[in-house]
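The sequence shown begins at 3 in my numbering and counts up one residue at a time.
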Amino acid sequence: MGLDVSSHLHPVGSFDLADHPVPTGREEVWRFTPLKRLRGLHDSAPLTGSEYDVKTEAPEGVAVGYRPVAHSDRGLSGLVPTDRISARVWQDTTRVLTVEVPAEAEVAEPVFINFTGTGVAEAASGHLLVKVGAHATATVVVRFQGSTTLAENVEVAVGDGARLTFVTLQDWSDDAVHHSTQHALVGRDASLKHVAVTFGGDVVRHDVTATYSGPGGDIEMLGLYFADAGQHIEHRLFVDHNAPKTRSHVTYKGALQGQGAHTVWIGNVLIRKEAEGIETYEENRNLVLTDGCQADSVPNLEIETGEIAGAGHASATGRFDDEQLFYLRSRGIEEKEARRLVVHGFFNDLIRRIAVPELEEQLAATVEAELSKNVLKED
């Protein structure tokens, strides 16, 4: 039997691997994922690979380094595995990469963690914990590149009154497989901006959950993704409003091009009975650039109290806006350039909202590089 469900949107977790049977693809949480392309991460493939390199850059006052599981704060965020891959990572991981920002610190420069894969032969596991003390301010950027088969758990714990921007940039090579389970705990009157940017990889799946440890917490989730031919990119989000007067806002935008490009976005929000006065909104928009693509978008809301400030969701999938293209063409702009401008306009507002200057130019350049593969490709 599968796990019990406390919500229609999210199963109850368990640390016991026996509680997580090997998925068949018929389960709701796995029905979009190409299991055969996960290289056994969802089954029993050994997670002993070491074909990767990790480099960190941290401003003064921020502690970054590996700690043995027994001497770490693993579990601080309240993460409990809700799928077999996450449970396997929890079972097999022996050390935790920890980023610790002390209370009251105002860290002006971002913390950078650069993960470079060097092979796909052996699957690897990892655990990252980002801990931000009360009333501190920080930005943490994690960049993934190279070739790998990786399953990881990520914890983010934001103390009372603290502010954190947490960015993951999946810039993998075309053969990478990456499954990431992430859980965030946001303190009283704290704020978290969680950003996921996904361009590369063969199969990339992110399961992100967030909850609150007190009233007044604010969560903003931003996502940007671009899928090419044969690529599968999946983002599953769950925000659990378990405290009153909390807020969440989710905006994910994606583009698809090439035969077999497939993106999945699942947005889940639970508003519990005790979460009076909360406000939430989630939206997902997809731009299909060529034939042969598929974008699945499923927003969900589960509301257990009517005493809320507001709740809503929106989802849209479409091709180029004919009126925008006509407007640009009528002013002498050739079709390819018009299409390029439309795509950049689609993403630019989101890139500005990420508000990490060190990444803005890089993200715009990566969008341009993606477009050159198909939409702007020379005839």
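Glycine is no exception: its CB is placed at the ideal position from the N, C-alpha and C atoms. Note that this is a predicted model, so its numbers are computed, not measured.
By the DSSP assignment, the beta strand (DSSP E) with A65 in it spans what residues? 65-70
Please classify S88 as buried or exposed, where buried requires at least 16 other C-beta atoms within 10 Å of its C-beta. In this structure S88 is buried. Its beta-carbon is surrounded by 16 or more other beta-carbon atoms within 10 angstroms.
Do you know whose CA, among R342, D298, T253, lies nearest V241's CA? Closest option to V241, Cα to Cα, is T253.
Looking only at its own chain, which residues have a Cβ that is under 6 Å from the Cβ of V181, when we skip the five neighbours before and after it? Strictly speaking, residue 181 in this sequence is His, with Val absent from that position. Excluding sequence neighbours, H181 sits near L43, I87, A153, R207.
Drop a sphere of 10 angstroms on the beta-carbon of T50, count the other beta-carbons inside from all chains shown, and report buried for 16 or more, exposed for fewer. exposed
Would you kindly report the start and end of the unbroken alpha helix (DSSP H) that includes V369? 359-374
If you compare alpha carbons, which of L258, R97, F348, R190 is closest to S127? R97
Just checking, does the region 139-147 make contact with the region 107-118 on the three C-beta pairs under 8 Å criterion? yes
Give the secondary structure of K57 by DSSP, where H, G and I count as helix, E and B as strand, and everything else as coil. strand
Given a threshold of 16 other Cβ atoms within 10 Å of its Cβ, counted over all protein chains shown, does H73 qualify as buried or as exposed? Counting Cβ neighbours within 10 Å, H73 comes out exposed, since fewer than 16 surround it.
Cβ-based neighbour list, R355, same chain, cut-off 7 Å, excluding 5 preceding and 5 following: L224
State the DSSP-derived secondary structure class of R321, mapped to helix, strand or coil. coil
Residue of D209, E285, F228 minimising C-alpha distance to A366: F228
Shortest alpha-carbon distance to R69 belongs to which of L130, E309, V24, W267? L130
7 Å Cβ cutoff met for E284 and G308: Not a contact, by the Cβ cut-off of 7 Å.
Using C-beta distances below 7 Å, list every residue in its chain close to V71, excluding the 5 sequence neighbours before and after it, in chain order. T95, T96, R97, V98
Please state whether DSSP places E380 in a helix, a strand or coil. Confidence at E380 is low in this model, with a pLDDT of 49, below 50, so the placement of that residue should be treated as unreliable; the coordinate-derived value is given next. Coil at E380, not helix or strand.
Could you give the first and the last residue of the continuous beta strand (DSSP E) run that contains A153? 151-160
What's the C-alpha gap between V66 and E124? 26 Å
For N244 versus W267, is the C-beta distance shorter than 7 Å? no
For P61, which residues in the same chain have their Cβ closer than 6 Å to its Cβ, ignoring the five residues on either side in sequence? Excluding sequence positions up to five before and after P61, its CB lies within less than 6 Å of the CB of V109, E111, all in the same chain and listed in chain order.
In the DSSP assignment, find the beta strand (DSSP E) that holds R287 and state where it starts and stops. 281-290
Can you tell me where the beta strand (DSSP E) holding W92 begins and where it ends? First-last for W92: 86-94, but that is the alpha helix (DSSP H), not the beta strand (DSSP E).
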